[in-house]
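Residue numbers (the working numbering): 21 to 262.
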């Protein structure tokens, strides 16, 4: 991904792109997970073992992304680390996507601070049901062009048929929102990107992209999938650009 593309994820021609991602938690270590960040850091090699032994900050990684012509995603695992994410945005404005703990109260702050997009996940679900009014409110707050939706899912048997149901937060129950062409188009009408990771039934990250989900998501019209790389494999998630 070039520096101009950054985290804007323009649709462009059909192709796959790897998107560097870091996960933040409000503890002493701050960066608790790294995916697809092929950087040589002074604080460490930024590999899988590095997060266990060394303290990496979101701001430091953002600087390295900028220096290496990369954009990326900063995913907040709890709301207490918002300050760290806002600090990181100052070092690479317009090229970082913020996900996790996003709602109508903080979404505009992330965009005004330099995020190219915000990813909303469990906020638009309640008791397993889609809350469209919350999605509409977020669209109004940040604009469709800055809004992305996490529709990560799980395959389940329902009335004798295998179907995909949204499961954006594995700490919460699986929703009743089925990923159908009509449902996806409804969500896509109010955002610029949809993120989808196909979890296993026990909530584990997949070893590969579900081929049926790929075929289904493409439908009659090609929809580019952008996998998020990891240290184990290169198919732990995908952006569905609609």
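A virtual CB, placed ideally from N, CA and C, is assigned to each residue, including glycine. The structure presented is a predicted model; accordingly, all values stated were derived computationally and were not measured.
- The criterion of a C-beta distance shorter than 8 Å is satisfied by residue 97 and residue 43.
- The criterion of a C-beta distance shorter than 8 Å is not satisfied by residue 107 and residue 135.
- In this structure, DSSP gives residue 112 a state outside helix and strand, which the three-state scheme calls coil.
- Note on geometry: alpha-carbon atoms of residue 167 and residue 177 lie some 31 Å from one another.
- Taking 8 Å as the cut-off, the Cβ atoms of residue 129 and residue 95 do not count as close.
- Listed in chain order, the non-local C-beta contacts of residue 197 below 6 Å within the same chain comprise 150, 186, local neighbours out to five positions each way being set aside.
- Counting the other CB atoms within 10 Å of its CB gives residue 141 a total of 16 or more, which places it among the buried residues.
- Between residue 139 and residue 122, the gap from beta carbon to beta carbon is short of 8 Å.
- Sixteen is the threshold: since fewer than 16 other Cβ atoms of the shown chains lie within 10 Å of the Cβ of residue 209, the residue is exposed.
- According to the DSSP assignment, residue 162 belongs to the alpha helix (DSSP H) that extends over 152–162.
- Here residue 109 is near residue 133, since their CB atoms are less than 8 Å apart.
- Straight-line measurement puts the Cα of residue 199 at about 28 Å from the Cα of residue 131.
- Apart from the 5 residues on each side of it in sequence, residue 82 sits with its Cβ closer than 6 Å to the Cβ of 108, 111, 112 in its chain, given in chain order.
- Relative to residue 99, the option among 119, 93, 84, 195 whose CA is nearest is 119.
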